[in-house]
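Q:
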């Protein structure tokens with residue numbers, strides 16, 4: 002397992018390795034987070050009185066665009082893992098984000114240590130980097146098409162998947178959910194990502210997407226994406242990338258304040 006401080010050929014230490022990885026996947030992490038948030042908003046309340054376990058996968062997704070209910074606030078956590086590399090595997094990076102309307106608070110962590118924070122509140126944006134105590138007011142960064150493309154592909158999952166299945170009821174804490182799995186061909190796995198993926202996917206063997214949706218109110222509360230056999234960096238070689246997103250506190254009060 003790659004650990005903080007571990008010496009790896011070609012890198013000064015494990016943290017430098019993760020910084021390189023982090024640079025390559027930053028845009029994707031945010032895109033997947035936002036895609037997950039959007040799908041949760043689309044699915045929320047789409048049952049019209051019918052529970053998810055009484056509907057086919059196609060019905061759940063086809064009704065997604067018809068919902069009028071919106072997700073105005075939520076707490077999301079994403080963890081990214083590298084697995085089955087010649088150095089082993091383990092969790093490298095995570096993102097924690099609180100969203101309330103147009104405001105958000107984002108924390109970026111490497112090996113459990115916060116390396117950057119971003120806050121947007123009352124129309125202003127602030128940023129703080131590791132090793133610095135002061136927050137800096139910054140201009141909002143213009144978005145590209147990556148997020149919208151990820152969202153579009155996410156909503157096409159049933160059509161993109163080479164196979165799909167409902168794995169049945171699962172309890173996540175006190176929530177009753179329906180667990181769905183979508184198997185991705187190599188081509189579909191590549192198409193899940195923006196035009197510039199975080200790694201070399203040319204030799205990928207495909208992957209799978211797992212989604213957990215609450216039975217009663219159609220809130221997506223967990224999302225997991227695994228892409229297998231990708232070239233992460235020249236030094237690390239090939240391995241698998243796993244993204245795990247957990248969502249809670251949907252439409253509950255979340256107080257986001259300017260930095261003090």
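Numbering (our numbering), first residue to last: 2 to 261.
All residues carry an ideal CB built from backbone N, CA and C; glycine is no exception.
1) Counting beta carbon pairs with one atom in the segment 77 to 93 and one in the segment 202 to 222, are three or more of them shorter than 8 Å?
2) For the beta strand (DSSP E) holding residue 192, just list the boundary residues, first then last.
3) In three-state terms, what does DSSP make of residue 139?
4) Can you tell me which of the three DSSP states residue 80 falls into?
5) Is the segment 209 to 227 in contact with the segment 176 to 186, if contact means three or more CB pairs nearer than 8 Å?
6) Taking all protein chains shown into account, do 16 or more other C-beta atoms lie within 10 angstroms of the C-beta of residue 172, making it buried, or fewer, making it exposed?
7) Could you compute how far the alpha carbon of residue 253 sits from the alpha carbon of residue 230?
8) Return the chain-ordered list of same chain residues with a C-beta closer than 8 Å to the C-beta of residue 259, the five sequence neighbours on each side being excluded.
9) Mind pulling the beta strand (DSSP E) runs of 3 or more residues that sit fully within the segment 233 to 258?
10) Within 10 Å of its beta-carbon, does residue 241 have 16 or more other beta-carbons around it, so buried, or fewer, so exposed?
11) Across which residues does DSSP place residue 109 in a beta bridge pair?
A: Short version:
1) Not touching, per the Cβ criterion.
2) Working through the chain shown from its first residue, we reach residue 192 at position 191. Counting along the chain, residue 192 falls outside any beta strand (DSSP E), though it belongs to the alpha helix (DSSP H) covering 187 to 192.
3) On the chain shown, residue 139 is found 138 positions in, with the first residue counted as 1. Residue 139: strand per DSSP, three-state reduction.
4) Counting from 1 along the chain shown, the entry for residue 80 is found at position 79. If DSSP states are grouped into helix, strand and coil, residue 80 belongs with the strands.
5) yes
6) As a first step, residue 172 must be located in the chain shown, where it is residue number 171. Exposed.
7) Residue 253 sits at position 252 when you count from the first residue of the chain shown. Residue 230 sits at position 229 when you count from the first residue of the chain shown. One C-alpha to the other measures close to 39 Å.
8) As a working note, residue 259 is residue 258 in the chain shown. Result list for residue 259: 120, 122, 123, 125 and 127, in chain order.
9) 238 to 249
10) Your numbering for residue 241 matches position 240 in the chain shown. That one is buried.
11) Start at 1 with the first residue of the chain shown, and residue 109 comes out as number 108. Paired residues: 96 and 117.
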